[in-house]
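Numbering (my numbering), first residue to last: 14 to 153.
For each residue, glycine too, the CB sits at the ideal point set by N, CA and C.
Right, one structure below, let's go through it.
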């Protein structure tokens, strides 16, 4: 998702933490809980405090056997990565669909999976998407 803000990131990560089968956070900030930091505090330290500048944190969420990874680089783009080899069967596709529904619900924006390896390009085909307004999930 492009043109996002900190509040959307926080809402998304908090929802994923609440509904995923498992989540993990890694961060370099000594003043925060090493295992389960408050999501809003991660963004505050990362973006607003000198200790956080030039560093980042990682967030991982597991749905079924599929892990989704986020390494925030800026607040204006919510992006997760998933390894294609984890999505080879119906269970993998179902995990992606469940993940996209949760991201879309939290952000109140359409969430989509594309076959990208670089910043989002509108010309790339959408493989799976979920629209929170219509409630429709589709995939090719």
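Could you check the C-alpha separation between residue i and residue j for me, to the nearest Å?
| i | j | result |
| --- | --- | --- |
| residue 40 | residue 30 | 16 Å |
| residue 158 | residue 99 | Because the chain is modelled from 14 through 153, residue 158 falls outside the range shown and cannot be assessed. |
| residue 46 | residue 52 | 10 Å |
| residue 115 | residue 63 | 32 Å |
| residue 103 | residue 49 | 31 Å |
| residue 92 | residue 43 | 25 Å |
| residue 57 | residue 23 | 10 Å |
| residue 147 | residue 97 | 27 Å |
| residue 131 | residue 61 | Because the pLDDT at residue 131 is just 49, under 50, the model does not fix this residue reliably, and the value given afterwards should be weighed accordingly. Spanning the two alpha carbons is a distance of roughly 27 Å. |
| residue 28 | residue 124 | 14 Å |
| residue 143 | residue 87 | 23 Å |
| residue 54 | residue 72 | 14 Å |
| residue 141 | residue 59 | 31 Å |
Would residue i and residue j be called neighbours here (beta carbons separated by less than 8 Å)?
| i | j | result |
| --- | --- | --- |
| residue 89 | residue 17 | yes |
| residue 38 | residue 70 | yes |
| residue 127 | residue 74 | no |
| residue 113 | residue 150 | yes |
By alpha-carbon positions, which one of the options ends up nearest to residue i?
| i | options | result |
| --- | --- | --- |
| residue 145 | 125, 126, 118, 56 | 118 |
| residue 108 | 23, 28, 33, 22 | 33 |
| residue 76 | 106, 60, 59 | 106 |
| residue 111 | 86, 81, 72 | 81 |
Quick one: is residue i buried, meaning 16 or more other Cβ sit within 10 Å of its Cβ, or exposed?
| i | result |
| --- | --- |
| residue 20 | exposed |
| residue 121 | exposed |
| residue 84 | exposed |
Could you give the residue range of the beta strand (DSSP E) that holds residue i?
| i | result |
| --- | --- |
| residue 122 | Unbroken run through residue 122: none, as it is neither H nor E. |
| residue 36 | 35–39 |
| residue 150 | 150–152 |
Could you spell out where the alpha helix (DSSP H) holding residue i opens and where it closes?
| i | result |
| --- | --- |
| residue 81 | No alpha helix (DSSP H) contains residue 81, which is instead part of the beta strand (DSSP E) from 79–83. |
| residue 56 | 52–61 |
| residue 25 | 19–32 |
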